[in-house]
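> Chains as they are written, first to last, in the working numbering: chain Y, 4 to 340; chain G, 78 to 364; chain W, 183 to 514. Every residue, glycine too, gets a C-beta built ideally from N, C-alpha and C.
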Amino acid sequence: MAVGPYAVLIPRKPLLGTAAVLVVLIAASAVHLSVGEILVHPLDALRALFGDGTPRDLLVVERLRLPRLQAGLAVGAALGAAGCLMQTLAQNRLATPDTVGLNDGAAAFAVASVTGLTTSLLPSGAALTGAATAAALTLALSGGAGRGGYRFLVVGLGVGAVFGAVTSLVLARSAADAANAAYGWTVGTLNSREQDAVALLALALVVVLPLAMVLGRRLLLLRLSDSVASGLGVRIKGLRLAVIALAVVLGGLAVAVAGPLGMIALAAPEAARRIAGPRTVPVLLSALAGALFTLLADLLGRTVLAPLEIPVGLVTAVVGGPYLLWLLLTTRTRRSL
Amino acid sequence: MNPDQSVPVNPGQSVSAHPAEPDSRLRTRDLRLAHGSRVVVDGLDLALPEHQVTVIVGPNGCGKSTLLGGLARTLPARSGAVLLDGRELTRIPTREIARTIGMLPQSAIAPDGLTVRDLVRYGRQPHQGLLRQWSADDARAVEEALTAADLHGLADRPLETLSGGQRQRAWIAMAVAQETPILLLDEPTSALDMGHALEVLELVRSLAAQGRTPVLVLHDLTTACRYADHMIALKDGAIVAQGPPTAIITPDLVRELYGVESAILTDPVHDTPVICPLRVTPSGAAA
Amino acid sequence: MTLRALFLRGLLPGAGVLLAAVVASLLLGAGDVGPERALSALLGGADGDARFTVLELRLPRTLVAVAVGLALGIAGALLQAAARNPLAEPGLLGVSAGASFAVVVALVLGASAATLGPYVAVLGAGAGCLLALGAARLRGAGDDPVRLVLAGAAFSGLMAAGSSVMLLVDARAADEIRFWTIGSVAGRELADLWAVVPVVGLGLLLAVLVAPALTALSLGDDVATGLGHRPGRVRAVAVAAVALLVGGATALAGPVAFVGLVVPFAARALVGPDLRRLLAVSVLLGPATVLTADVVSRLVARPYEMPLGVMTALLGAPVLVAVVRSHRLPSL
Chain Y
4 MAVGPYAVLI
14 PRKPLLGTAA
24 VLVVLIAASA
34 VHLSVGEILV
44 HPLDALRALF
54 GDGTPRDLLV
64 VERLRLPRLQ
74 AGLAVGAALG
84 AAGCLMQTLA
94 QNRLATPDTV
104 GLNDGAAAFA
114 VASVTGLTTS
124 LLPSGAALTG
134 AATAAALTLA
144 LSGGAGRGGY
154 RFLVVGLGVG
164 AVFGAVTSLV
174 LARSAADAAN
184 AAYGWTVGTL
194 NSREQDAVAL
204 LALALVVVLP
214 LAMVLGRRLL
224 LLRLSDSVAS
234 GLGVRIKGLR
244 LAVIALAVVL
254 GGLAVAVAGP
264 LGMIALAAPE
274 AARRIAGPRT
284 VPVLLSALAG
294 ALFTLLADLL
304 GRTVLAPLEI
314 PVGLVTAVVG
324 GPYLLWLLLT
334 TRTRRSL
Chain G
78 MNPDQSVPVN
88 PGQSVSAHPA
98 EPDSRLRTRD
108 LRLAHGSRVV
118 VDGLDLALPE
128 HQVTVIVGPN
138 GCGKSTLLGG
148 LARTLPARSG
158 AVLLDGRELT
168 RIPTREIART
178 IGMLPQSAIA
188 PDGLTVRDLV
198 RYGRQPHQGL
208 LRQWSADDAR
218 AVEEALTAAD
228 LHGLADRPLE
238 TLSGGQRQRA
248 WIAMAVAQET
258 PILLLDEPTS
268 ALDMGHALEV
278 LELVRSLAAQ
288 GRTPVLVLHD
298 LTTACRYADH
308 MIALKDGAIV
318 AQGPPTAIIT
328 PDLVRELYGV
338 ESAILTDPVH
348 DTPVICPLRV
358 TPSGAAA
Chain W
183 MTLRALFLRG
193 LLPGAGVLLA
203 AVVASLLLGA
213 GDVGPERALS
223 ALLGGADGDA
233 RFTVLELRLP
243 RTLVAVAVGL
253 ALGIAGALLQ
263 AAARNPLAEP
273 GLLGVSAGAS
283 FAVVVALVLG
293 ASAATLGPYV
303 AVLGAGAGCL
313 LALGAARLRG
323 AGDDPVRLVL
333 AGAAFSGLMA
343 AGSSVMLLVD
353 ARAADEIRFW
363 TIGSVAGREL
373 ADLWAVVPVV
383 GLGLLLAVLV
393 APALTALSLG
403 DDVATGLGHR
413 PGRVRAVAVA
423 AVALLVGGAT
433 ALAGPVAFVG
443 LVVPFAARAL
453 VGPDLRRLLA
463 VSVLLGPATV
473 LTADVVSRLV
483 ARPYEMPLGV
493 MTALLGAPVL
503 VAVVRSHRLP
513 SL
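1. Just reading off the alpha helix (DSSP H) that H273 (chain G) is part of, what are its end residues?
2. Shorter than 8 Å from the beta carbon of V165 (chain Y) to some beta carbon of chain W?
3. Counting Cβ pairs, one atom from each stretch, are 3 or more of them under 8 Å apart for the segment 32 to 49 of chain Y and the segment 58 to 69 of chain Y?
4. If you drop the 5 nearest sequence neighbours on each side, which residues of the same chain put their C-beta closer than 7 Å to that of G56 (chain Y)?
5. Identify whether L261 (chain G) lies in helix, strand or coil by the three-state DSSP scheme.
6. Reducing DSSP to helix, strand and coil, say where V346 (chain G) ends up.
7. If we ignore side chains and look at the alpha-carbon of each, how far apart do A301 (chain G) and R244 (chain G) end up?
8. So what does DSSP say about P281 (chain Y), is it helix, strand or coil?
9. Can you list, in chain order, the residues of its chain with a C-beta nearer than 7 Å to that of P136 (chain G)? Leave out the 5 residues immediately preceding and following it.
10. If you run the structure through DSSP and keep just helix, strand and coil, what is P354 (chain G)?
11. Check whether the Cβ atoms of G314 (chain G) and L148 (chain G) lie closer than 8 Å to each other.
12. Whether or not the segment 387 to 397 of chain W and the segment 409 to 427 of chain W are in contact is what I'm after, with contact meaning three or more pairs of Cβ atoms, one per stretch, closer than 8 Å; do they touch?
13. Run down chain W in chain order and give the residues with a C-beta less than 8 Å from the C-beta of T171 (chain G).
14. State the Cα-Cα distance for the pair L457 (chain W) and A257 (chain W), rounded to the nearest angstrom.
15. Quick one: is C311 (chain W) buried, meaning 16 or more other Cβ sit within 10 Å of its Cβ, or exposed?
16. Could one say the Cβ of I247 (chain Y) lies closer than 8 Å to chain W's Cβ atoms, at least one of them?
17. What residues from the segment 329 to 343 of chain W come within 7 Å of chain Y, judged by C-beta to C-beta, listed N to C?
18. Any C-beta of chain W sitting closer than 8 Å to the C-beta of L355 (chain G)?
19. At a CB-CB cut-off below 9 Å, which residues of chain W make contact with V158 (chain Y)?
20. In three-state terms, what does DSSP make of I133 (chain G)?
21. Listed from N- to C-terminal order along the chain, which residues in the segment 178 to 194 of chain G have their beta-carbon within a distance smaller than 7 Å of any beta-carbon of chain W?
22. If you follow the beta strand (DSSP E) that D107 (chain G) is in, where does it begin and where does it stop?
23. Please confirm whether Q262 (chain W) and A253 (chain W) have their CB atoms less than 8 Å apart.
24. I want to verify the contact list: residues of chain Y whose CB lies under 7 Å from the CB of V347 (chain W), in sequence order.
25. Work out the CA separation of A300 (chain Y) and V428 (chain W) for me, nearest whole Å.
26. Who are the neighbours of G425 (chain Y) on chain W, taking C-beta pairs under 8 Å?
27. Comparing the C-beta of A448 (chain W) with each C-beta of chain Y, is any distance below 8 Å?
28. What are the residues in the segment 89 to 114 of chain Y lying within 8 Å of chain W by C-beta distance?
29. In chain G, which residues lie with their C-beta within 7 Å of the C-beta of L427 (chain W)?
30. Is L264 (chain Y) near L332 (chain W), with beta carbons less than 8 Å apart?
31. Does the structure place the segment 127 to 137 of chain Y close enough to the segment 256 to 276 of chain Y that three or more beta carbon pairs sit under 8 Å?
32. If you follow the beta strand (DSSP E) that Q319 (chain G) is in, where does it begin and where does it stop?
33. Which residue from W:V204, W:A187, W:L190 and W:G192 puts its Cα closest to that of A470 (chain W)?
34. Decide if D476 (chain W) is buried, meaning its Cβ has at least 16 other Cβ atoms within 10 Å, or exposed.
35. How about V492 (chain W): is its C-beta nearer than 8 Å to some C-beta of chain Y?
36. Does the beta carbon of L350 (chain W) come closer than 8 Å to any beta carbon on chain Y?
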């Protein structure tokens with residue numbers, strides 16, 4: 004694509020794919036707003052969005068479902084993009100914020116802040132700190148993301164286990180009814196989330212996504228060996244650090260909204276790569292796919308056992324678990340992306 | 078050792094349905110071995126002469142290691158049979174076989190921290206029972222094996238601290254401690270330098286002198302000639318030639334096995350053949 | 183290593199730690215019966231409250247922790263040898279998760295936790311075991327010990343999510359199920375212990391029987407065959423033993439992870455890699471580990487108690503990282 008002296012390489016396939024996913028995402032959002040215990044006609048739901056409709060529709064759509072939709076979109080997009088960045092960085096499609104302990108770290112710190120054990124940091128801020136701590140720990144203990152391969156992931160597993168234990172510890176110390184309080188922070192749910200945290204996450208997405216897309220072309224070179232990439236003029240260390248920082252921001256803030264929601268960051272980039280082909284690092288497409296998956300999982304959780312509601316985290320775990328197992332057991336090469 | 082020397086069979090052990098060659102306890106009958114769907118050895122009839130060093134040679138992929146695995150029952154026969162004292166190997170309890178046939182695979186692995194003496198002791202397992210975990214006999218066998226492999230100074234060292242040659246000797250000591258009449262060794266000298274390789278082969282020679290029957294797979298034809306009493310040349314899973322090296326090694330055989338033109342010299346000390354490779358046989362002229 | 187060295191380096195320290203842990207478990211607790219009162223009650227003092235706390239609450243709990251630790255430590259050593267993987271741990275590979283998931287399914291289908299017995303858990307553990315070892319034999323995962331652990335974690339996560347979904351569905355069983363998703367030795371009675379003794383005992387017997395052959399398996403299947411063992415049969419017996427041990431332990435205390443990793447790791451550091459010596463030392467270190475974790479879990483969040491699984495995770499995760507970080511994975 005060329006405009007005057009500026010020429011931008013935009014492959015056709017990802018562009019079409021992105022458009023298609025966007026359409027499906029909008030459709031899913033409409034369904035998300037209209038389906039539930041109370042059915043609202045999609046057109047009525049649309050009208051309610053603009054402040055027009057029966058009081059019942061207004062209440063259901065604007066008060067109950069819209070915040071949930073916003074949270075789901077933001078969390079899914081953040082996790083999808085973070086997963087894509089992490090996977091590209093570690094050159095392993097199993098490396099995601101959940102597998103490297105980032106989610107657990109964020110959750111542990113957020114719980115500490117919610118229960119008042121730490122200074123009056125906002126949950127989002129605490130989650131961010133926790134995510135950064137966990138990422139730093141995993142990276143340091145595994146000796147760098149680029150070389151770690153699966154070792155990186157098992158170290159992440161250990162770090163995650165420690166933070167998970169810390170979460171339980173904090174909850175046990177702070178509340179008699181620990182099991183119930185723990186629920187939201189151990190499962191991953193879009194229920195009753197702070198609007199501030201969602202707004203913060205949305206802001207982060209607006210800033211980070213374009214940055215990640217700019218870095219995308221250089222990220223492609225990370226697939227080659229370090230020495231080759233250096234030879235092509237990429238500052239490896241700086242690039243790695245930048246990518247990790249972006250992933251930590253997105254992952255941490257997403258956990259502050261929805262708790263440690265798993266599998267989205269694994270599946271979304273995978274789908275995005277299928278659509279976009281191997282020649283790009285599809286950050287934006289991963290974000291869209293992540294949002295779509297999250298909405299679908301939430302929809303499933305709300306409808307399949309209605310009136311019971313399954314937290315979205317359980318849905319992703321049950322649906323995504325077999326897929327993760329299949330990936331782990333059948334992939335032949337050590338560095339698989 | 079003179080290959081023509083006739084060795085008396087152990088009394089009572091050779092009531093055999095196939096009494097073709099009385100001086101062989103281990104033989105194969107129309108043996109077929111395969112990895113998955115790939116047949117490697119087919120229709121093989123073979124007898125291993127007692128108390129002699131038998132060496133199996135042949136080009137890469139000819140089925141040497143496969144054959145050894147078949148003889149050691151780690152690879153089950155697809156058809157035909159491996160016979161030990163005339164009985165099919167599959168009909169003998171595996172523990173009983175372990176008291177007759179010892180086996181050292183090519184790339185053996187050991188857990189970290191295992192000492193040489195620990196490893197050699199494992200060789201006594203076929204002789205131990207649930208209630209008879211350790212006996213004076215076991216202790217004697219372990220000491221003798223350590224002596225035979227010249228490992229006494231290293232007995233309490235962990236395996237991973239040893240050099241490649243020492244480690245290989247420890248593995249052989251384990252097989253020696255098993256005190257089996259027949260000993261199958263798959264490339265025991267691979268990855269060893271000349272001196273260590275000679276040590277291992279001299280050890281094998283002395284075992285044969287003590288009345289055991291070592292069977293080796295070796296890569297290097299000249300070394301094989303130097304130490305083999307009986308040589309079996311394999312190609313594509315079939316025997317091309319067998320007998321004493323002096324009798325079977327010819328430029329024609331080397332060409333057939335390896336596709337290499339060669340001159341055959343004679344070792345001035347041992348009178349064994351020394352193969353001097355000249356060039357690769359032009360493809361049109363291959364036999 | 184001589185028997186004397188085994189005793190000095192492994193059994194003696196192990197026995198010391200175990201003794202200290204037993205004493206601590208009897209004397210310390212979250213309640214208000216302090217060490218002095220507990221001690222005098224143990225020695226026959228007349229303090230009724232203290233007697234009740236120590237003899238009726240802490241003693242059964244201690245015995246349960248000993249049984250759980252014994253079973254899990256031995257099971258870990260066996261599974262590591264059978265899978266030839268220093269990271270193979272019943273909790274990490276999903277064996278415990280399989281056991282507790284089977285119990286949850288049984289509860290949802292209408293069984294009662296009080297009358298269930300350990301056999302459902304044993305069945306679930308056996309299924310988990312077979313899946314783990316099956317995965318270990320697959321190309322791709324089998325040649326990579328680290329990846330097998332990740333697969334186990336994924337499997338555990340899946341089982342846990344499944345359990346949680348059922349917890350949502352079946353409100354009646356929810357409270358009973360919650361126990362099966364966390365892991366604890368608190369509030370268990372001696373009757374619970376006696377119910378699993380046959381299962382764990384059989385598992386231990388199988389472990390003793392299979393130990394020499396499993397030791398030979400550490401030299402590779404071919405060498406083990408050469409030494410007169412049948413690798414397939416040996417693994418099958420080992421799997422049965424692990425299933426019995428983990429099933430029994432899970433029936434008693436719910437899923438407790440990392441014990442089977444920490445105990446053989448420590449034992450290996452003390453007495454080297456020989457499985458028979460490892461088992462001998464693990465008999466002491468397993469109960470010591472679980473007891474210590476339990477005592478700490480009672481004290482760290484007073485007056486509340488923390489789940490035992492949390493403590494073992496805090497203990498085990500660093501060991502996991504240490505094993506993975508070691509220059510190359512120690513081969514088994």
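Checking against the coordinates, here is how it stands:
1. Within the second sequence, numbered from 1, the residue matching residue 273 (chain G) stands at position 196. Segment M271 to A286, the alpha helix (DSSP H) holding H273 (chain G).
2. For the purposes of this step, residue 165 (chain Y) is identified with residue 162 of the first sequence, where counting begins at 1. Taking Cβ atoms only, chain W reaches closer than 8 Å to V165 (chain Y), which makes this a yes.
3. yes
4. Position 53 of the first sequence, counted from the first residue, corresponds to residue 56 (chain Y). Listed in chain order, the non-local C-beta contacts of G56 (chain Y) below 7 Å within the same chain comprise D47 and R50, local neighbours out to five positions each way being set aside.
5. Here the question's residue 261 (chain G) lines up with position 184 in the second sequence. Here L261 (chain G) sits in strand by DSSP.
6. The sequence position of residue 346 (chain G) within the second sequence is 269, counting from 1. Residue state, collapsed to three classes: coil.
7. Mapped onto the second sequence, residue 301 (chain G) falls at position 224. Mapped onto the second sequence, residue 244 (chain G) falls at position 167. Rounded to whole angstroms, A301 (chain G) to R244 (chain G) spans 22 Å at the Cα level.
8. Residue numbering aside, residue 281 (chain Y) sits at position 278 when the first sequence is read from its first letter. Reduced to three states, the DSSP call for P281 (chain Y) is coil.
9. Along the second sequence, one-based indexing puts residue 136 (chain G) at 59. Once the five neighbours on either side are set aside, the close Cβ partners of P136 (chain G) are K312, L334 and Y335.
10. Numbered from 1 along the second sequence, position 277 holds the residue referred to as residue 354 (chain G). Residue state, collapsed to three classes: strand.
11. Position 237 of the second sequence, counted from the start, is the residue given in the question as residue 314 (chain G). Position 71 of the second sequence, counted from the start, is the residue given in the question as residue 148 (chain G). No, the pair does not count as a contact, with Cβ atoms beyond the cut-off.
12. yes
13. To locate residue 171 (chain G), count along the second sequence from 1; it is residue 94. Neighbours of T171 (chain G) on chain W, chain order: T407, G410, H411 and R412.
14. The residue you call residue 457 (chain W) lines up with position 275 of the third sequence. The residue you call residue 257 (chain W) lines up with position 75 of the third sequence. Those two C-alpha atoms are separated by around 12 Å.
15. The residue you call residue 311 (chain W) lines up with position 129 of the third sequence. Taking all protein chains shown into account, C311 (chain W) has 16 or more neighbouring C-beta atoms within 10 Å of its C-beta and is therefore buried.
16. Taking the first sequence and counting its residues from 1, the one referred to as residue 247 (chain Y) is at position 244. Chain W, which has no Cβ nearer than 8 Å to the Cβ of I247 (chain Y), makes this no.
17. R329, V331, L332, A333, A335, A336, F337, G339, L340 and A343
18. By 1-based counting over the second sequence, the position of residue 355 (chain G) is 278. No - not a single Cβ of chain W is within 8 Å of the one on L355 (chain G).
19. Taking the first sequence and counting its residues from 1, the one referred to as residue 158 (chain Y) is at position 155. For a Cβ distance threshold of 9 Å, residue set L502, V503, V506 and R507 of chain W lies close to V158 (chain Y), ordered along the chain.
20. Against the second sequence, residue 133 (chain G) aligns to sequence position 56. I133 (chain G) falls in the strand class under three-state DSSP.
21. G179, M180, P182, A185, I186, A187, P188, D189, G190 and L191
22. As a position in the second sequence, residue 107 (chain G) is number 30, starting the count at 1. Where D107 (chain G) is concerned, the enclosing beta strand (DSSP E) stretches over L103 to H112.
23. Counting from one through the third sequence, the residue named residue 262 (chain W) turns up at place 80. Counting from one through the third sequence, the residue named residue 253 (chain W) turns up at place 71. The answer is no: Cβ separation not under 8 Å.
24. Locating residue 347 (chain W) in the third sequence gives position 165, where the first residue counts as 1. Within chain Y, the residues near V347 (chain W) are I313, L317 and V321.
25. Stepping through the third sequence from its first residue, residue 428 (chain W) is reached at position 246. Stepping through the first sequence from its first residue, residue 300 (chain Y) is reached at position 297. Distance between the alpha carbons of V428 (chain W) and A300 (chain Y): 34 Å.
26. One cannot answer for residue 425 (chain Y) here, as it falls past the ends of chain Y, which runs 4 to 340.
27. Here the question's residue 448 (chain W) lines up with position 266 in the third sequence. Judged by the 8 Å Cβ criterion, A448 (chain W) is not in contact with chain Y.
28. L97 and T102
29. As a position in the third sequence, residue 427 (chain W) is number 245, starting the count at 1. Simply none; closest approach about 20 Å.
30. If you number the first sequence from 1, residue 264 (chain Y) lands on position 261. If you number the third sequence from 1, residue 332 (chain W) lands on position 150. For L264 (chain Y) and L332 (chain W), no; Cβs fall outside 8 Å.
31. yes
32. Position 242 of the second sequence, counted from the start, is the residue given in the question as residue 319 (chain G). It spans A315 to G320 - the beta strand (DSSP E) in which Q319 (chain G) sits, taken as one unbroken run.
33. One-based indexing of the third sequence puts residue 470 (chain W) at position 288. Residue W:V204 is the option with its Cα nearest to A470 (chain W).
34. Counted from its first residue, the third sequence places residue 476 (chain W) at position 294. Flag for D476 (chain W) reads buried.
35. The count along the third sequence starts at 1 and reaches residue 492 (chain W) at position 310. Yes, V492 (chain W) lies at the interface with chain Y (some Cβ there is under 8 Å from its Cβ).
36. Counting from one through the third sequence, the residue named residue 350 (chain W) turns up at place 168. Interface residue, yes.
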